[in-house]
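Asker: What follows is a structure written as structure tokens; I'll ask about it next.
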Amino acid sequence: MTSVRIAGVGLTPFGAHADRAGRELFASAALAAFEDAGVERRDVDQLNYGNFMGALAEQQGHQAPLMAEAAGLSCPATRYEEACASAGVAVREAVRTIRSGEADVVLAGGMERMTTLDTGKATAALAIAADELYEVRAGVTFPSAYALMARAYFDRFGGEREDLAHIAVKNHANAVDNEFAQYQTEITVEQALDSPPVATPLHLYDACPITDGASAVLLVSEAYADDHGIEAPVSITGTGQGGDNLALQDREQMAQTPATEIAAAEAYGEAGITAADVDFAEVHDCFTIAEVLAIEGLGLFEPGEGIAAAREGATTADGETPINLSGGLKAKGHPVGATGGSQIAEITRLLRGDHPNSDAVDDATVGVAHNAGGTVASAVVHVLEADQ
Amino acid sequence: MTDHTLDEEVATYDEWLDAIEAGEGFYLESPEGHGSLPPRRVCPHSGATDLSREPLSETGTVETYTVVHVGATAFDDDTPYISAIVDFGPVELTGVVRGVDLEAVAVGDEVGVTVETRETTDDRLVVFRPA
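If you read the protein sequences in the order shown, they are chains E and Y.
Residues 218 to 605 in this note's numbering are what the first sequence lists, from first letter to last.
Residues 192 to 322 in this note's numbering are what the second sequence lists, from first letter to last.
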């Protein structure tokens with residue numbers, strides 16, 4: 218399978234930017250990616266743009282051409298919407314388009330503006346990723362859906378709130394030096410345990426924050442990189458996508474996420490790797506329990522063993538398989554339509570050695586990105602590899 | 192293209208709520224025995240399209256639950272409340288548990304299903320009560 222080179226990446230700081238229009242956020246990330254890549258904007262063949270709730274949060278539909286204009290691009294632009302996996306899908310389709318030979322240069326990424334809504338309205342907006350008839354009308358929210366999965370996991374495999382607290386502590390510790398992270402502060406297990414309940418067993422510190430931000434990833438073909446002397450030492454060597462029933466009630470069980478397993482199998486297969494080859498990963502930890510489900514679905518831990526991974530130090534920065542060295546969605550923040558692109562950007566920086574946490578993975582060559590939509594009714598997995 | 196009309200026999204979501212409310216709850220069953228809930232033209236498990244209406248069991252068991260302390264705006268006056276997914280055999284239902292203390296619900300509890308209204312709005316709501 219032909220690999221696709223990551224020529225450059227760009228991010229905005231993640232946080233509360235309610236006074237900044239979405240177009241400005243995305244333009245900032247895009248311009249940073251072009252500066253990083255040394256690629257001319259006129260060479261871009263298309264924009265693949267991820268966004269989930271812009272129509273609700275910013276009363277702005279038809280965002281893709283707006284974002285192309287904002288970034289100084291004159292090329293076809295399409296919005297991808299797959300809930301919180303929107304940018305992951307935008308990146309995946311960019312990879313597939315370049316592999317097909319239809320394009321040599323694609324800008325992929327996304328933007329989300331969420332702090333324009335108060336907590337109740339943001340909760341309602343996020344909930345539209347669930348089944349409207351059978352979940353939203355029954356009072357299911359984004360946190361409560363993951364709480365239902367957490368309880369199902371505990372019931373099947375065991376585990377307790379303190380295991381989840383260690384995941385939050387780890388991801389906050391990883392974000393301390395990340396200049397793009399929303400929370401560059403450490404927390405303690407006691408703080409996490411003492412935080413107020415959102416949907417039991419999940420409490421406030423089990424949840425990612427409400428975030429504004431944008432991501433941009435400039436992808437080029439091998440031929441374009443060679444012809445233009447682009448230094449791009451990191452490639453996407455595998456991409457995969459899986460799906461599942463939208464509503465939890467229609468799934469075989471709720472303690473595992475087969476969409477992730479399907480996506481990982483496809484991505485690993487394309488890259489010619491197995492889970493044992495993965496040095497580190499950025500996974501979709503919208504809630505602490507989601508990190509557990511992700512690392513098990515990716516095959517990095519056996520079912521039932523992911524719950525203790527952070528507590529036992531296996532996934533900390535100095536552990537065998539560091540997870541979410543960026544701080545993850547939990548501490549870095551989760552502008553939902555941008556997250557999948559930001560994961561690719563963080564892994565690229567970690568592999569190139571220009572990330573504040575690169576020292577934790579200085580011998581690494583393989584990083585995996587896992588981006589999930591809703592309660593993992595969609596999952597996108599990418600394998601990134603650095604030139605040896 | 193052989194048929195340009197929608198099949199009137201296909202149950203809608205509101206008809207399903209009406210049936211539960213009347214004590215005549217049903218689910219859709221495929222020839223292989225998989226269950227699903229309306230509106231369905233295709234069984235989500237088997238892909239079968241010849242689905243029959245079968246009576247829903249009067250009671251089910253709580254498979255998982257959560258006590259929601261931060262709800263969506265449309266549930267402001269309902270919060271806090273218990274959300275649960277209940278196993279009725281061939282199908283599972285999602286709804287709100289009423290009639291038990293917030294801390295008293297447990298996986299495995301036996302409950303029945305009814306249709307009531309939200310506290311916040313007059314929208315109908317799938318409700319589970321102790322059997």
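Using N, Cα and C, we set each Cβ at its ideal position, and we do this for glycine too.
(1) Residues in the region 400-412 of chain E with C-beta within 7 Å of chain Y's C-beta atoms, listed in sequence order?
(2) Under the assumption that Ile584(E) contacts Leu567(E) (Cβ atoms under 8 Å), give the Cβ distance between them as a whole number of angstroms.
(3) Residues of chain E with a CB under 7 Å from the CB of Pro235(Y): which are they?
(4) I'd like to know whether the C-beta of Ala364(E) is nearer than 8 Å to at least one C-beta of chain Y.
(5) Check Thr565(E) in the structure and name its three-state DSSP category.
(6) Which residues in chain Y have a C-beta closer than 7 Å to the C-beta of Val415(E)? List them in chain order.
(7) Compare the C-beta of Gly216(Y) against all C-beta atoms of chain E and say whether one is closer than 8 Å.
(8) Thinking C-beta only, is Ala311(E) closer than 8 Å to Ala210(E)?
(9) Examine chain Y for any beta-carbon lying closer than 8 Å to the beta-carbon of Pro360(E), and answer yes or no.
(10) Which first and last residues belong to the beta strand (DSSP E) in which Ile404(E) is found?
(11) Ser317(E) to Gly327(E), Cα distance in whole Å?
(12) When the Cα atoms are used, what is the spatial distance from Tyr297(E) to Glu483(E)?
(13) For a cutoff of 8 Å on Cβ pairs, would you count Ser248(Y) as touching chain E?
(14) Taking 8 Å as the limit between beta carbons, can you name the residues of its chain near Thr565(E), skipping five residues before and five after?
(15) Tell me which same chain residues have a C-beta within less than 8 Å of the C-beta of Arg569(E), skipping the five on either side of it?
(16) Using only the alpha-carbon positions, how far apart do Ile404(E) and Ile453(E) sit?
(17) On the DSSP bridge list, what partners appear for Ser248(Y)?
(18) According to the Cβ coordinates, are Pro552(E) and Glu286(E) closer than 8 Å?
(19) Are the region 455-468 of chain E and the region 253-268 of chain E touching by the rule of at least three beta carbon pairs closer than 8 Å?
(20) With distances taken between CB atoms, is the gap from Glu349(E) to Ala362(E) smaller than 8 Å?
(21) Given a threshold of 16 other Cβ atoms within 10 Å of its Cβ, counted over all protein chains shown, does Arg309(E) qualify as buried or as exposed?
(22) Provide the residue span of the alpha helix (DSSP H) that contains Ser245(E), from first to last.
(23) So, using beta-carbon positions, are Thr505(E) and Ile384(E) closer together than 8 Å?
(24) When the distance is taken between beta carbons, is Ala281(E) closer than 8 Å to Tyr266(E)?
(25) Per the contact definition of three or more C-beta pairs closer than 8 Å, is the region 246-255 of chain E in contact with the region 227-234 of chain E?
(26) I want to see whether chain Y comes within less than 8 Å of Arg354(E), judged by CB atoms only; does it?
(27) Considering Arg432(E), what are the terminal residues of the alpha helix (DSSP H) in which it resides?
(28) Please classify Asn388(E): does DSSP put it in a helix, a strand, or coil?
(29) May I ask you to verify whether the region 462-482 of chain E touches the region 591-600 of chain E, counting CB pairs closer than 8 Å and requiring at least 3?
(30) Going by other Cβ atoms of all chains shown within 10 Å of its Cβ, with 16 needed for buried, is Ala307(E) buried or exposed?
(31) Find the nearest neighbour of Gln499(E) within the set Glu519(E), Gln466(E), Ser559(E) and Ala488(E), judged by alpha-carbon distance.
(32) List the residues of chain Y that Arg368(E) touches, going by C-beta distances under 8 Å, in chain order.
(33) Could you tell me if Glu478(E) is buried or exposed, where buried requires 16 or more neighbouring beta carbons within 10 angstroms of its beta carbon?
(34) To the nearest angstrom, how far is it from the Cα of Ala272(E) to the Cα of Phe243(E)?
(35) Cβ of Ala525(E) within 8 Å of Cβ of Asp380(E)?
(36) Quick one: is Glu223(Y) near chain E, going by C-beta distance under 8 Å?
Answerer: In terms of the structure at hand:
(1) none
(2) Numbered from its first residue, the first sequence carries residue 584(E) at position 367. Numbered from its first residue, the first sequence carries residue 567(E) at position 350. Residue identity differs from the one stated: residue 584(E) is Gly in this sequence, not Ile. Between Leu567(E) and Gly584(E) the Cβ distance is about 6 Å, and since that is below 8 Å, they are a contact.
(3) Translated into positions along the second sequence, residue 235(Y) becomes position 44. Going along chain E in sequence order, the residues near Pro235(Y) (Cβ under 7 Å) are Asn462 and Asp467.
(4) One-based indexing of the first sequence puts residue 364(E) at position 147. Ala364(E) counts as touching chain Y.
(5) Working through the first sequence from its first residue, we reach residue 565(E) at position 348. Looking at Thr565(E) - three-state DSSP - the assignment turns out to be helix.
(6) On the first sequence, position 198 is the one that residue 415(E) refers to. The contacting residues are His260 and Val261.
(7) Taking the first residue of the second sequence as position 1, residue 216(Y) is located at position 25. Chain E, which has no Cβ nearer than 8 Å to the Cβ of Gly216(Y), makes this no.
(8) Residue 210(E) lies beyond the range of chain E shown here (218 to 605); nothing can be said about it.
(9) In the first sequence, the residue the question calls residue 360(E) occupies position 143. Yes, contact with chain Y.
(10) In the first sequence, counting from the first residue as 1, residue 404(E) sits at position 187. No beta strand (DSSP E) contains Ile404(E), which DSSP labels as neither H nor E.
(11) Along the first sequence, read from residue 1 onward, the residue named residue 317(E) stands at position 100. Along the first sequence, read from residue 1 onward, the residue named residue 327(E) stands at position 110. Distance between the alpha carbons of Ser317(E) and Gly327(E) is about 22 Å.
(12) For the purposes of this step, residue 297(E) is taken as the residue at position 80 of the first sequence. For the purposes of this step, residue 483(E) is taken as the residue at position 266 of the first sequence. Whole-angstrom Cα-Cα distance: 21 Å.
(13) Within the second sequence, residue 248(Y) is the residue found at index 57, counting from 1. Output row for Ser248(Y): interface = no.
(14) Position 348 of the first sequence, counting from 1, holds the residue named residue 565(E). These residues qualify, in order along the chain: Ile223, Val226, Val434, Val451 and Leu601.
(15) Reading the first sequence from its first residue, position 352 is the one you call residue 569(E). Answer for Arg569(E): Pro450, Val451, Ser575 and Ala603, listed in chain order.
(16) Along the first sequence, read from residue 1 onward, the residue named residue 404(E) stands at position 187. Along the first sequence, read from residue 1 onward, the residue named residue 453(E) stands at position 236. Approximately 34 Å, taken between the alpha carbons.
(17) In the second sequence, counting from the first residue as 1, residue 248(Y) sits at position 57. The partner list for Ser248(Y) (beta bridge, DSSP) is empty, contrary to what the question assumes.
(18) One-based indexing of the first sequence puts residue 552(E) at position 335. One-based indexing of the first sequence puts residue 286(E) at position 69. No, the Cβ-Cβ distance between Pro552(E) and Glu286(E) is not below 8 Å.
(19) no
(20) Within the first sequence, residue 349(E) is the residue found at index 132, counting from 1. Within the first sequence, residue 362(E) is the residue found at index 145, counting from 1. Contact: no.
(21) Working through the first sequence from its first residue, we reach residue 309(E) at position 92. Label assigned to Arg309(E): buried.
(22) As a working note, residue 245(E) is residue 28 in the first sequence. Unbroken alpha helix (DSSP H) run through Ser245(E): Gly239 to Ala254.
(23) To locate residue 505(E), count along the first sequence from 1; it is residue 288. To locate residue 384(E), count along the first sequence from 1; it is residue 167. Yes, they are a contact pair.
(24) Working through the first sequence from its first residue, we reach residue 266(E) at position 49. Working through the first sequence from its first residue, we reach residue 281(E) at position 64. Taking 8 Å as the Cβ cut-off, Tyr266(E) and Ala281(E) qualify as a contacting pair.
(25) yes
(26) Sequence index remark: in the first sequence, residue 354(E) carries index 137 (1-based). Yes, Arg354(E) lies at the interface with chain Y (some Cβ there is under 8 Å from its Cβ).
(27) The sequence position of residue 432(E) within the first sequence is 215, counting from 1. For the record, residue 432(E) in the displayed sequence is Ser; it is not Arg. Ser432(E) -> not in any alpha helix (DSSP H); beta strand (DSSP E) instead, spanning Gly430 to Ser438.
(28) For the purposes of this step, residue 388(E) is taken as the residue at position 171 of the first sequence. Reduced to three states, the DSSP call for Asn388(E) is helix.
(29) yes
(30) For the purposes of this step, residue 307(E) is taken as the residue at position 90 of the first sequence. Burial call: buried.
(31) Counting from one through the first sequence, the residue named residue 499(E) turns up at place 282. Correcting the residue type first, residue 499(E) is Glu in the shown sequence and not Gln. When each option's Cα is compared against that of Glu499(E), the closest is Ser559(E).
(32) One-based indexing of the first sequence puts residue 368(E) at position 151. Residues of chain Y passing the Cβ test: Thr255, Tyr256, Thr257 and Val298.
(33) As a first step, residue 478(E) is located in the first sequence; it is residue number 261 there, counting from the start. Buried, because 16 or more other Cβ atoms sit within 10 Å of the Cβ of Glu478(E).
(34) The count along the first sequence starts at 1 and reaches residue 272(E) at position 55. The count along the first sequence starts at 1 and reaches residue 243(E) at position 26. Going by the C-alpha atoms only, they are around 16 Å apart.
(35) Translated into positions along the first sequence, residue 525(E) becomes position 308. Translated into positions along the first sequence, residue 380(E) becomes position 163. Cβ distance < 8 Å, so Ala525(E) and Asp380(E) count as in contact.
(36) As a working note, residue 223(Y) is residue 32 in the second sequence. No, no contact with chain E.
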